[in-house]
Amino acid sequence: MERRAYYRNKVLPWVLIAPQLLLILVFFYWPTTQALYWAFTLEQPWGGGNTWVGFDNFASIFTDTRYWATALRSAFYAVCATAISMTVALTLALFVDRALKGTRLFQSVFVWPYAIAAPAAGVAFRFMFSPQAGFIGAVNQVWPGIWDPSTVGWQALAMVIVCHAWLGIGYNFVFFLAGLQMIPRSIVEAGAMDGARPFRRMLDLQLPLLAPTTFFLLIMNLISSFTDSFGLIDTLTEGGPVGATEVMVYKIYFDGFKGLDYSGAAAQSIVLMLLVISLTFIQFKWVERRIHYS
Amino acid sequence: MIERSPVFDLLTYLAMGIGLILVFTPFWVVFIGATLSLPEVARVPMQLWPSDQLFENIATAWQRGDLGPKMVNSLIVAVGVTVGKIVIASLSAFSIVFFNYRARMVFFWLIFITLMLPLEVRIVPTYAIAANALSPLQLILDVTGLTGLVQMLSGVEIALNWNLLNSYEGMILPLVATATGTFLYRQFFMTIPDELVEAGKMDGSSPMQFFADVLIPLSRTNMLALATIMFVSTWNQYLWPLLVTTDRANFGTAVMQLKALVPAQNGTPDWNVTMAGALIIMLPRSSSLPSCSAGSSGVSSPATSEDTPMAAISIRGVKKRYTPKTLVIHGVDVEIEAGEFVVILGPSGCGKSTLLRMIAGLEEITEGEIAIEGRVVNRLEPRERGCAMVFQNYALYPHMTVRQNIGYALKVAKVPRPEREARVDKVAQIVGLLDYLDRRPAELSGGQRQRVAVARAMVRNPRVFLFDEPL
């Protein structure tokens, strides 16, 4: 951010930035510090403040098999939803980038899911995948009882993952298409002069040159699968059946606000924060270094 | 590219067609579902063409979900967050990008770090602060002993409490407290060329005038994009409103109501009403992004300098370093007589521009002094020196017409409108721009832009003209 032309003023810049600083101090830094405090203390059962318990809260979540199951499920969810969503979006972007006649129509529809609220998509998918209604339920007429996400865990999880992947298509598509259109036309034309056909050029030129976009999206998708999954799961399955679709944010919400275990929820929040921070950090450090071709 | 590959073209359409079905189906299902009657919606598999119950279902969903007041709530929160974010983000980005003060980088990082942790991962502690937003202040008072002191002196115990639960502030403020907007504004402000800031300084505008007259109009496109994104994402918020509103009847938002519309496990499977509700809630967000084009420049007419005599400049032992080790100008001594025309020649990078900019007041003078008409100007602001400058790349304000560009300095100086018009017309005539006064810079040729830049310098009747290779 090196500029040459600055204004000089002793008071004005502080006044201008004050509202933002005040807001983030009160609603970001203070609560985050509070989370640390709770994570290392335990509330007394009959009031009387918190006592320092060191890493006990962390020890108890890490020895809890249910927590590990949730963590593994979240990881599985993140990887599957990200992989499906990015693959579909990339494929669509590669074909749209060919700019054949009528492509604009397709292009505008592919962006739509981006604007949809996760709970609205959740409700729509719940209907589509309902065993007694919609149209996936039709398989039950051929093989009775084969599809029921309200009792079969893996089916519920699959349904949630598919819905999350669908929601992400619009966002991923926009970035992939923008990335493709940033590739200088001359490079693709040079490929054509070298005798590469369209499909070859996709594989040999466009995909490798798209690496920075891909990496950026990979991290954004992983983070969003941790953070944006709540509205979806709450309207689709409410974490059920028997916790089969419970991911980390949902468990924090449940332990903290339904179970009123602030210390446990705070410790889980800290773990999740570290996870998200490290993903962001990887993105900054790694992506800048390795994947630019300049 | 001329390249025929019918097979591959076919494959392309096929893939896009499949994609269309994948993406479009859920929308179609929602729409169709919302048009069916109860017996029709219970049929498996569902029919794929619309029926005639759309308005009945929408009416039922509207009433059952209490969607009227809930949409108003959603609207209040979404507009509140959008406006709040834009105002706060533009001000703080302005502070970070255009002012040079020590705490700048610290503030930048403080704000930037908030991007890393979305609200969802810190709901538990944020909820606690919403229950009493003044608790940090209370802690400060407690720790510093002020609470005890006041209690001792007056017998009153200070117990600050500002509960944000079940309030619009509680839904809005924590959502405003993130850095996305600040970051976008910063990225945009960074692209504003230095010359534009300097041109503003030469025209005598204060920081806030520059912010209002140049930055805000130029960032209009960005502001609209940001507003759209903010509005949609706030409208779609689910977890946070769910937490801070226990009083759903009065403060619930539309998206929260969706869950209430899902048929109960053993209740009537009236999915048609649910789909109608989903349809209503999807609508406001699908409104299109307004597009707007920014960027045009104006030609202004210069005023003649016949009545203002030129000033003498003396430059004595002037040196310039950017860092302690890089001496750019090694001591210049020049006396320029009033009315003299001086050309400075030299290879690129030798400091010609730097010298001009030091005269103009855009660059600090490291050593030595510069005097205009016998008065040492080292400490004076650009607008106080009576110089006009034509920049290498002209630095025309892209969003103003030629007339506005030329007249801007006069406007800042609060010259009354009739006089302003007259002076602008006069200079425009001299440089031959009378026919182009209502165009914007983008609609001018290179030579015309150059004349606008010259006219802008002439209109102020300056006593010193500085031309930084504008030809």
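Chains as they are written, first to last, in this note's numbering: chain S, 1 to 294; chain V, 1001 to 1471. We treat Cβ as the ideally placed atom computed from N, Cα and C, and that holds for glycine.
Own chain, CB closer than 6 Å to residue i, minus 5 neighbours either side, in chain order
{"i": "Asp1438(V)", "result": "Thr1401"}
{"i": "Thr1178(V)", "result": "Thr1114"}
{"i": "Tyr1013(V)", "result": "none"}
{"i": "Met1202(V)", "result": "Pro1382, Met1389"}
{"i": "Val1176(V)", "result": "Val1081, Gly1084, Lys1085"}
Coil, strand or helix - residue i by DSSP
{"i": "Leu1115(V)", "result": "coil"}
{"i": "Leu272(S)", "result": "helix"}
{"i": "Met193(S)", "result": "helix"}
{"i": "Ile1329(V)", "result": "strand"}
{"i": "Ser1445(V)", "result": "coil"}
{"i": "Asn1236(V)", "result": "coil"}
{"i": "Ala1034(V)", "result": "helix"}
{"i": "Lys1320(V)", "result": "strand"}
{"i": "Val1334(V)", "result": "strand"}
{"i": "Leu1289(V)", "result": "Legend: pLDDT at Leu1289(V) = 35, less than 50; position of this residue unreliable, no value from coordinates given."}
{"i": "Gly1368(V)", "result": "strand"}
{"i": "Met1400(V)", "result": "coil"}
{"i": "Arg1043(V)", "result": "coil"}
{"i": "Arg73(S)", "result": "helix"}
{"i": "Asn1461(V)", "result": "coil"}
{"i": "Cys163(S)", "result": "helix"}
{"i": "Phe55(S)", "result": "coil"}
{"i": "Thr41(S)", "result": "strand"}
{"i": "Asn1393(V)", "result": "coil"}
{"i": "Leu1048(V)", "result": "coil"}
{"i": "Val1376(V)", "result": "strand"}
{"i": "Ser295(S)", "result": "Coverage of chain S is limited to positions 1 through 294, which leaves residue 295(S) absent and any answer about it impossible."}
{"i": "Ser1314(V)", "result": "strand"}
{"i": "Gly1298(V)", "result": "Residue placement at Gly1298(V) is flagged as unreliable, the pLDDT there being 29, under the threshold of 50; the coordinate-derived value follows with that caveat. Looking at Gly1298(V) - three-state DSSP - the assignment turns out to be coil, as it is neither helix nor strand."}
{"i": "Ala1361(V)", "result": "Reading off the sequence shown, one finds Gly at residue 1361(V), where the question assumed Ala. The answer is coil: DSSP assigns Gly1361(V) none of H, G, I, E or B."}
{"i": "Val1454(V)", "result": "helix"}
{"i": "Ser278(S)", "result": "helix"}
{"i": "Thr1304(V)", "result": "Note that Thr1304(V) scores a pLDDT of 38, beneath 50, so its modelled location is shaky; the value from the coordinates is reported in the next line. Note: Thr1304(V) maps to coil in three-state DSSP."}
{"i": "Asp1009(V)", "result": "helix"}
{"i": "Trp14(S)", "result": "helix"}
{"i": "Gln1063(V)", "result": "helix"}
{"i": "Leu203(S)", "result": "helix"}
{"i": "Cys1350(V)", "result": "coil"}
{"i": "Phe1341(V)", "result": "coil"}
{"i": "Phe110(S)", "result": "helix"}
Beta-bridge pairing of residue i - partner residues as DSSP gives them
{"i": "Ile1086(V)", "result": "Answer by DSSP bridge pairing: none, since Ile1086(V) is not bridged."}
{"i": "Tyr7(S)", "result": "Phe1099(V)"}
{"i": "Ala1130(V)", "result": "Answer is none; Ala1130(V) lacks a bridge partner."}
{"i": "Ala1388(V)", "result": "Phe1465(V)"}
{"i": "Asn358(S)", "result": "Chain S is shown only over 1 to 294; residue 358(S) falls outside these bounds and no answer can be derived."}
CB contact flag (residue i, residue j, <7 Å)
{"i": "Met1046(V)", "j": "Gly134(S)", "result": "yes"}
{"i": "Ile1372(V)", "j": "Ala1311(V)", "result": "yes"}
{"i": "Thr1082(V)", "j": "Val1273(V)", "result": "no"}
{"i": "Thr1182(V)", "j": "Ile1111(V)", "result": "yes"}
{"i": "Trp14(S)", "j": "Pro1136(V)", "result": "no"}
{"i": "Phe1189(V)", "j": "Val1072(V)", "result": "no"}
{"i": "Phe225(S)", "j": "Ala81(S)", "result": "Before going on, a small fix: residue 225(S) reads as Ser here, not Phe. In this structure, Ala81(S) lies closer than 7 Å to Ser225(S) by Cβ."}
{"i": "Arg1449(V)", "j": "Tyr1394(V)", "result": "yes"}
{"i": "Leu42(S)", "j": "Thr51(S)", "result": "yes"}
{"i": "Pro241(S)", "j": "Gly137(S)", "result": "no"}
{"i": "Met159(S)", "j": "Pro144(S)", "result": "no"}
{"i": "Leu1141(V)", "j": "Thr1147(V)", "result": "yes"}
{"i": "Lys1259(V)", "j": "Thr235(S)", "result": "yes"}
Cβ-based neighbour list, residue i, same chain, cut-off 8 Å, excluding 5 preceding and 5 following
{"i": "Arg66(S)", "result": "Gly243"}
{"i": "Ala35(S)", "result": "Ala266, Ser269, Ile270, Met273"}
{"i": "Gln206(S)", "result": "Leu94, Asp97, Leu180, Ile183, Val188"}
{"i": "Ile1088(V)", "result": "Val1176, Gly1181, Thr1182"}
{"i": "Leu21(S)", "result": "none"}
Same chain, Cβ closer than 7 Å to residue i, five either side skipped, listed in chain order
{"i": "Thr1354(V)", "result": "Lys1320, Val1328, Ile1329, Glu1363"}
{"i": "Pro1217(V)", "result": "His1399"}
Exercise. Return the chain-ordered ranges of every alpha helix (DSSP H) run that is complete within the stretch 1158 to 1228 of chain V and spans a minimum of 4 residues.
Key: 1168 to 1176, 1180 to 1190, 1194 to 1202, 1207 to 1210
Quiz item: Mind pulling the beta strand (DSSP E) runs of 3 or more residues that sit fully within the stretch 210 to 262 of chain S?
Solution: none
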